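So the protein sequences, as listed, match chains B and Z. Everything in the first sequence is counted per this note's numbering, starting at 1 for the first residue and increasing by one. Everything in the second sequence is counted per this note's numbering, starting at 1 for the first residue and increasing by one. Every residue gets a Cβ at the ideal spot worked out from N, C-alpha and C, and that includes glycine. Values in this document were obtained by computation on a predicted structure and should not be read as measured data. Below is one structure; the comments refer to it alone.
Protein chains: 2
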Amino acid sequence: MDCELEELEFLRKRCSFSLRQALSLGQNDPAKNKSVGTMFQSADLPQNISKEDFEARLPALREELLDAQHKLQENKDFAVVIVMAGLDGAGKGAAISRLYEWMDTRYLFCNAYPEKRSEEEKLRPRMWRYWRDLPARGEVSVVLGSWYQKPLGNYVYGKTDDDGLERQLSAINRFERMLTHENVLLLKFWFTLPTDEQKKRLDGLKGFKSHRHYFQEWTNLDNHRKAQLAGEKAAIHTSTGYAPWVVIPSQDPEYRDLAMGETIADAITRKLEDGKSIPNSAPAVVSGISKTSAVDAIDLSATLSKDDYKQQLEHWQDRVAQLMDKKRFQKRSLVCVFQGNDAAGKGGAIRRLTRSMDPRTYKVYPIAAPSEEENLHPYLWRFWRRIPKKGHAAIFDRSWYERILVERIEGFCSESDWLRAYNEINFFESDLTNEGVILCKFWLAISEEEQLRRFKAREETAYKNYKITEEDWRNRLKWQEYSIAAGDMVDRTSTRNAPWTLVASEDKRYARIKVLKTVCQTLEKALDKGK
Amino acid sequence: MDCELEELEFLRKRCSFSLRQALSLGQNDPAKNKSVGTMFQSADLPQNISKEDFEARLPALREELLDAQHKLQENKDFAVVIVMAGLDGAGKGAAISRLYEWMDTRYLFCNAYPEKRSEEEKLRPRMWRYWRDLPARGEVSVVLGSWYQKPLGNYVYGKTDDDGLERQLSAINRFERMLTHENVLLLKFWFTLPTDEQKKRLDGLKGFKSHRHYFQEWTNLDNHRKAQLAGEKAAIHTSTGYAPWVVIPSQDPEYRDLAMGETIADAITRKLEDGKSIPNSAPAVVSGISKTSAVDAIDLSATLSKDDYKQQLEHWQDRVAQLMDKKRFQKRSLVCVFQGNDAAGKGGAIRRLTRSMDPRTYKVYPIAAPSEEENLHPYLWRFWRRIPKKGHAAIFDRSWYERILVERIEGFCSESDWLRAYNEINFFESDLTNEGVILCKFWLAISEEEQLRRFKAREETAYKNYKITEEDWRNRLKWQEYSIAAGDMVDRTSTRNAPWTLVASEDKRYARIKVLKTVCQTLEKALDKGK
């Protein structure tokens, strides 16, 4: 295959090697429960585009790219730096070749940095080689083997610890912020593949002697886990408002190149329009190309019989009560977040959960539009105030995630506001979990049809009538937008310490048990650690 | 004294105690060479205002403060958080009392956080107490014992290491950036005193039993040194464009309160004018109140006889040659930066320095206005390119510091650009010194009168004629502005690893020897470490 050959050539040049498995953002840890989320899990799903669609979209894209590039070259308002990172074998090399095919190569150049610095480079500080090659305003530079290479590699191979890695990621943020201030548009692409696919592709290269070392390390499970952790840390720390990571699912070469190309064209065009203003906004999180998200991919067919339900309900409710009664829980606290499609059954699931709890130890917070007082404070203020004390639980029926769901879609905040929120929320939650808060986040999913059935039932049943409003019907019209926002949310805020649990809720019984069971298992694991 | 009593009351409440000596930014380490600079050394100089001047300025200030506060309360565009930090005994408590006297207390409140958290607070994550008390838009909150308290205390008392501290300072930056985005104007004041004065004030409190522990620690030199280091790190890492530290020399209570009051009034007024725009700019580095800077305070009277000069010149030139010839220098490199008043003798000093060097190992870079190509890149690009390789030296006749000198004063870049440059330069230099570059920075100072004499001599002497231009005369008219900019520069970029050396250059012979000697001593110390 053509793309494999291109890839090979880049591998031979030993570019971006130390990243290796580092940042395998899309992968689920095989040793872990499947329901535990990881960042960017949607990249694990098949993302495809048909040859016909690809060919149909190509002419417009190429025109837009050239047009943007020429305008940029004319007014020289800013430079563009495109960072290519991600899994080996995902086709970074092939993607770059495609850019060379599509764009004007007079103003486009590629800087590939091998892991080992040249003699010339070794004689200077580490960042020297990147500074030297920065493009002038008007030019576009593609960077392979970027400033992420060394810090992540060192972490994966045990040369730096958590503090050290975070310190280096902070330095990267400072560098990237400075570039942004100095009129550099930074685009950071993360090319990813499902684990199996990557293994298959790399196996194809095994014959080459120079890679033997590499494959030995790849099979080391410990390295693999550290690589995932490194990837998550990098994604959280360096996905800033001015330079977020854009994840490119790369199994289908056409999909990969189109997603990349459209993001580049879109970002340059937008910045040309904004002029020289210092960017607070960022290039689009999602390019125009459609994507199957982890939320779209939930299998809704799961059900539970009435008898099983009754039996399990009792079992898990008892278990919750026992766990929260443990002495060790007095040093921890529990926060549960419920989000989901309208009418997916959040309220019912919450009631089944709290029924087993001591009313003195928990509170349920239904989150509606902020009050006047709340509106006068930063948006996280109303949630910080409600963080439970040790030995207690807080259950949020909707939560801070409304910022990147309803507020994003209804335009209640600006684009730059919700873009920075992913990051802010990740850090907010790590502030909680680092200090002993046990966090469970549930996305309750139903199909569009099931929602319609439930809406109608609510209208027809007198005592359920209060549950359905004009707004619900209005929101329903934006099903697709909410679905995209939920997908981005799960992709960008499912972290190791605060994963999303996706709950198929077409069958209410199944959903309620899944919630209870997840809370129990999370509590159990967390309290076990504290032993 | 009234201010001592106020101070006492706050000390009794045990507020902001763990900061203690931490961040004694203004102090010179007594164990160190006096010429080694520290951050904010101007705060060590006596800064005074006469009673009459104070009384004269007060009515306007109070009116401005009240006016700003009422406008803020009316339009509720943002909240104001004033962080009070700095040395104990500097009068933070008294300064707060003054604010209560001057401002409308209906919209002003003080949140003082003791080092030990309350029972209620201990049951939640560490940041909870600060979130809970955030002011609403329209309100002003004064914070004593802020989020800096714990991280700095832990570092000083050895509970965290360098990586850990920097990680926590990054978390603080994220928090403060988020607040800024969420319409909070952050003002951070650092109250400082000359070391002797502080000791005197604290001795006055020694009778109080509860402070015994405190005074034992204060006399521990090791803690004192770590406190300085913590202060420098905090100043560098958290003096951001959106929330820089404002240093308040606090020996004279009137000066202290006026400097603080004018900064607050000015910052609120400016932000009211800017409206809701997300701040890239920051409150003024210097308030309207005049200040004696470290540059103003250079004693220019030093001289050297011709004979001494000849002898020493030979001695130190030999020494430079020997040092650069050492094997250990092959793993290091040398960067010298020369800035100073026009006609202070930079060129002459550089020639005396390089005369002893092997021409194959050094380069002198005269820095003029950037070329067209340089202008198309970030401003540090042209300097990064010229970083010497190991075993070599680069001498910059003017440098990256032009950003915060001529570019600031002549308006060649925006205010937000030069404000962020302090930080960027500090990190640029630590990128260099962390990787083995030995850095010497010289400020060559002459008096206004001496400059006039030299300008005239240049005009009158044919072969010196090329050295004097219209521009020099124009710059001379802005003597005062350049002097302030140089003072801010030394205050904000004199770090432990890259200190400024202030060189009295009224006598050229003295200046040249001082430069040579400093280079030798710095090289010696650095190469000794590498042994």
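Helix, strand or coil for residue i per DSSP?
i, result
"Lys346 of chain B", "helix"
"Ser141 of chain Z", "strand"
"Lys363 of chain B", "strand"
"Asp397 of chain Z", "strand"
"Leu73 of chain B", "Inspection of the sequence shows that residue 73 of chain B is occupied by Gln rather than by Leu. In the structure shown, Gln73 of chain B sits in a helix (DSSP, three-state: H, G or I)."
"Gln47 of chain B", "coil"
"Ile82 of chain Z", "strand"
"Trp147 of chain Z", "coil"
"Phe54 of chain B", "helix"
"Ile513 of chain Z", "helix"
"Lys327 of chain B", "helix"
"Val406 of chain Z", "helix"
"Ala234 of chain Z", "helix"
"Ile248 of chain B", "strand"
"Phe412 of chain B", "coil"
"Lys241 of chain Z", "It should be pointed out that residue 241 of chain Z corresponds to Gly in this sequence rather than to Lys. Correct three-state label for Gly241 of chain Z: coil."
"Val490 of chain B", "helix"
"Lys508 of chain B", "helix"
"Leu134 of chain B", "coil"
"Leu376 of chain B", "coil"
"Phe40 of chain Z", "coil"
Return the CA-CA distance between residue i and residue j, expressed in angstroms with no decimal places.
i, j, result
"Trp479 of chain B", "Gly145 of chain B", "40 Å"
"Ser18 of chain B", "Val247 of chain B", "Caution is warranted here: a pLDDT of 27 is assigned to Ser18 of chain B, below 50, making its placement in the model unreliable, and the coordinate value is therefore given only provisionally. One C-alpha to the other measures close to 19 Å."
"Ala112 of chain Z", "Val320 of chain B", "39 Å"
"Pro125 of chain B", "Gly391 of chain Z", "13 Å"
"His315 of chain B", "Tyr309 of chain B", "10 Å"
"Asn75 of chain B", "Ile395 of chain Z", "35 Å"
"Leu169 of chain B", "His237 of chain B", "7 Å"
"Gly153 of chain B", "Ser239 of chain B", "19 Å"
"Trp102 of chain B", "Arg129 of chain B", "27 Å"
"Arg332 of chain B", "Pro359 of chain B", "17 Å"
"Val295 of chain Z", "Glu374 of chain B", "48 Å"
"Glu121 of chain B", "Gln198 of chain B", "32 Å"
"Ala235 of chain Z", "Leu186 of chain Z", "15 Å"
"Val293 of chain Z", "Trp443 of chain Z", "Before going on, a small fix: residue 293 of chain Z reads as Ser here, not Val. Ser293 of chain Z and Trp443 of chain Z: Cα-Cα distance of roughly 13 Å."
"Asp507 of chain B", "Asp133 of chain Z", "43 Å"
"Asp307 of chain Z", "Lys514 of chain Z", "15 Å"
"Phe40 of chain Z", "Leu432 of chain B", "36 Å"
"Asp528 of chain Z", "Lys346 of chain Z", "28 Å"
"Ala344 of chain Z", "Leu300 of chain Z", "12 Å"
"Glu55 of chain B", "Thr495 of chain B", "37 Å"
"Lys464 of chain Z", "Ala457 of chain Z", "8 Å"
"Gly261 of chain B", "Ala94 of chain B", "13 Å"
"Ile172 of chain B", "Cys440 of chain Z", "26 Å"
"Leu258 of chain Z", "Phe191 of chain Z", "13 Å"
"Trp131 of chain Z", "Val140 of chain Z", "14 Å"
Could you tell me whether the Cβ atoms of residue i and residue j are closer together than 8 Å?
i, j, result
"Pro253 of chain B", "Gly91 of chain B", "yes"
"Ala393 of chain Z", "Tyr365 of chain Z", "no"
"Asn341 of chain B", "Ala511 of chain B", "no"
"Tyr155 of chain Z", "Ala85 of chain Z", "no"
"Ser371 of chain Z", "Asp318 of chain Z", "no"
"Val80 of chain Z", "Val143 of chain Z", "no"
"Tyr100 of chain Z", "Gln73 of chain Z", "no"
"Leu272 of chain B", "Ile438 of chain B", "no"
Could you check where the alpha helix (DSSP H) with residue i kicks off and where it finishes?
i, result
"Thr433 of chain B", "Glu415 to Thr433"
"Asn173 of chain B", "Asp162 to His181"
"Phe383 of chain B", "Trp381 to Trp384"
What residue range is occupied by the uninterrupted beta strand (DSSP E) comprising residue i?
i, result
"Val437 of chain B", "Val437 to Ala445"
"Ala112 of chain B", "Leu108 to Ala112"
Subject >> Cβ contact (3+ pairs, closer than 8 Å) linking the stretch 447–456 of chain Z and the stretch 419–437 of chain Z >> reply: Under the Cβ criterion (8 Å, minimum of three pairs), the stretch 447–456 of chain Z does not count as touching the stretch 419–437 of chain Z.
**OP:** Taking 8 Å as the threshold, find out whether the stretch 513–528 of chain B comes into contact with the stretch 494–504 of chain B through three or more Cβ pairs.
**Re:** For the pair of segments examined, the stretch 513–528 of chain B was found to touch the stretch 494–504 of chain B: the number of CB pairs separated by less than 8 Å reaches three.
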